[in-house]
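Below you'll find the structure, written out as structure tokens, and then a few comments.
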Amino acid sequence: MKQIYELHADVCKTLANPKRLEIINTLGAKELSFGDILDVLKIKKANLSQHLGLMRAKGIVKTRRDGVSIYYRIVNPKVIKACNIMREVLLEQLSESNKLIGKIK
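Quick note: the sequence shown uses the numbering used here, first residue 602, plus one each step.
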């Protein structure tokens, strides 16, 4: 059972990067080419390549080659679901914080 906690922590470390979370959000349930992801994120090619390479090594994304294009997709849709749930929790916390600040003023 200890091994699952180590694997869980390893995946969480991989996801603990704003750009990687943005990549997951961008991909969602669809497959996109490297160029399409690059157009959405507006970051350097080398930077995107590093992020996608790490995510691929950790089993978060898979690739498919079509001619000269490489397409990326999320391996398991539960990763998207987990990230969405965490984002909802954070939005609720922000909303509550804003309500408290409003009451103080």
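Glycine included, each C-beta is placed from N, C-alpha and C at the ideal position.
Identify which residue in the options has its Cα closest to the Cα of residue i.
i	options	result
Cys684	Ala617, Leu633 and Asp611	Ala617
Lys614	Ile638, Lys646 and Leu655	Leu655
Could you confirm whether any beta carbon from chain E is found closer than 9 Å to the beta carbon of residue i?
i	result
Ser670	Any reference to chain E falls outside this structure, which holds one protein chain only.
Assuming residue i and residue j are in contact, meaning their beta carbons sit under 8 Å apart, how far apart are those beta carbons, in whole angstroms?
i	j	result
Val641	Val662	Contact doesn't hold; Cβ gap of about 15 Å is too wide.
Lys659	Asp611	7 Å
Lys620	Ile605	Actually they are not in contact, since the Cβ atoms of Lys620 and Ile605 sit about 27 Å apart, beyond 8 Å.
Ile681	Ile625	6 Å
Looking at the structure shown, is residue i part of a helix, part of a strand, or coil, going by DSSP?
i	result
Ile644	coil
Lys663	strand
Check the DSSP bridge columns for residue i and list the partner residues they point to.
i	result
Val612	Bridge partners of Val612: none, in fact.
Ser670	Asp667
Looking only at its own chain, which residues have a Cβ that is under 6 Å from the Cβ of residue i, when we skip the five neighbours before and after it?
i	result
Phe635	Ile671
His649	Note that residue 649 is Leu in the sequence shown here, rather than His. These residues qualify, in order along the chain: Leu639.
With a CB to CB cut of under 8 Å and the five nearest residues on each side skipped, what residues in its chain are close to residue i?
i	result
His652	Asn618, Lys620, Arg621 and Ile624
Go through its chain and collect everything with a Cβ distance to residue i's Cβ below 7 Å, but skip five positions before and after it.
i	result
Thr664	Arg657, Ile671, Tyr672 and Tyr673
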